[in-house]
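Counting from 1 along the sequence shown, just add 5 to a position and that's the residue number in my numbering. The C-beta atom is built at its ideal place from N, Cα and C for all residues, glycine as well.
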Amino acid sequence: MKKKTAIIIGIVLLLTAGLVYVWYSSDFLNLAGQQNINEEFIATVNGEGIKKSDFEIYKKNMAKTSASYTDGELLEKLIRQKVFKQELVRLGYEVSDEEVEAFNNQNFTLIEQDPKSYQIIKDHVDESGMTMEEYKEKSKEFARLILLGMQYREDLMEEFDVAGGKSFEDYYQQTIDEMVEKAKVEYLN
């Protein structure tokens, strides 16, 4: 029972965190990297912009969490997310719409079975001004990124050398650090 509750809480936290980014970042949905010329950008990652308006909304929502971040740390988080998404697309990772739908439905079924978790999500949804159906629809893109990330982690596990002295989590973070180091990041303001 405790394990199921922990899984549900983890899913709620992932969906809430994902919503913070996905709901307010139309740029996330733009896999082609096309940009609106009228937007003000604060950084670019491999030519793909991070909008100032998205950053401000991300900052506002992250302030609601228990963690405390500087503007620079928040921007670095957005840069890492964008680099990771770009790299997964470049490497050819894919999940079908059906897989995303099934994963999303499974997560929401678990959430709906736990009144505390459901209330957390409901409060967040109500505060954002959307309906639960809109939230479920928006969360699909974050669910897609989670599934892609899971595929990537599985592939990394196959090449992970336990004898190398690092934990898998350290190795995973190192690969993302290397992606970020290779990315062309330009700070605009």
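Run the CB neighbour count on residue i, radius 10 Å, all protein chains shown included, and call it buried at 16 or more, exposed below.
i: Thr-75; result: exposed
i: Gly-134; result: exposed
i: Asn-221; result: Outside the shown range of the chain (6 to 194) lies residue 221, about which nothing can therefore be said.
i: Lys-187; result: exposed
i: Asp-182; result: exposed
i: Arg-149; result: buried
i: Asp-172; result: Note on identity: in this sequence residue 172 is Ser, with Asp being the wrong assignment. Exposed, since its Cβ has fewer than 16 Cβ neighbours within 10 Å.
i: Leu-34; result: Caution is warranted here: a pLDDT of 39 is assigned to Leu-34, below 50, making its placement in the model unreliable, and no coordinate value can be reported.
i: Glu-146; result: buried
i: Asp-102; result: exposed
i: Asp-128; result: exposed
i: Lys-143; result: buried
Would you check if the distance between the CB atom of residue i and the CB atom of residue j is smaller than 8 Å?
i: Gln-111; j: Val-50; result: no
i: Leu-79; j: Lys-65; result: no
i: Glu-117; j: Tyr-123; result: yes
i: Lys-1; j: Asn-109; result: For the chain, the structure presents residues 6 to 194; residue 1 sits outside this window and is missing.
i: Tyr-192; j: Ala-48; result: yes
Could you pull the DSSP bridge partners for residue i from this structure?
i: Val-100; result: In the DSSP output, where bridge partners are listed per residue, Val-100 has none listed.
i: Ala-48; result: Ile-55, Tyr-192
List the whole-angstrom C-beta distance separating residue i from residue j, where the pair is believed to meet the contact cut-off of C-beta under 8 Å.
i: Met-184; j: Val-88; result: 5 Å
i: Leu-93; j: Leu-153; result: 5 Å
i: Phe-46; j: Gly-52; result: The pair is not a contact, with the Cβ atoms about 11 Å apart (cut-off 8 Å).
i: Tyr-177; j: Arg-158; result: 6 Å
i: Ile-84; j: Val-190; result: 6 Å
Spell out whether any CB of chain B is found under 8 Å from the CB atom of residue i.
i: Val-130; result: As a matter of chain content, chain B is missing from the structure shown, which is built from one protein chain.
Exercise. Report the residue ranges of all alpha helix (DSSP H) runs contained in full by the segment 72-157; include only those spanning at least 4 residues, in chain order.
Key: 76-95, 102-118, 120-133
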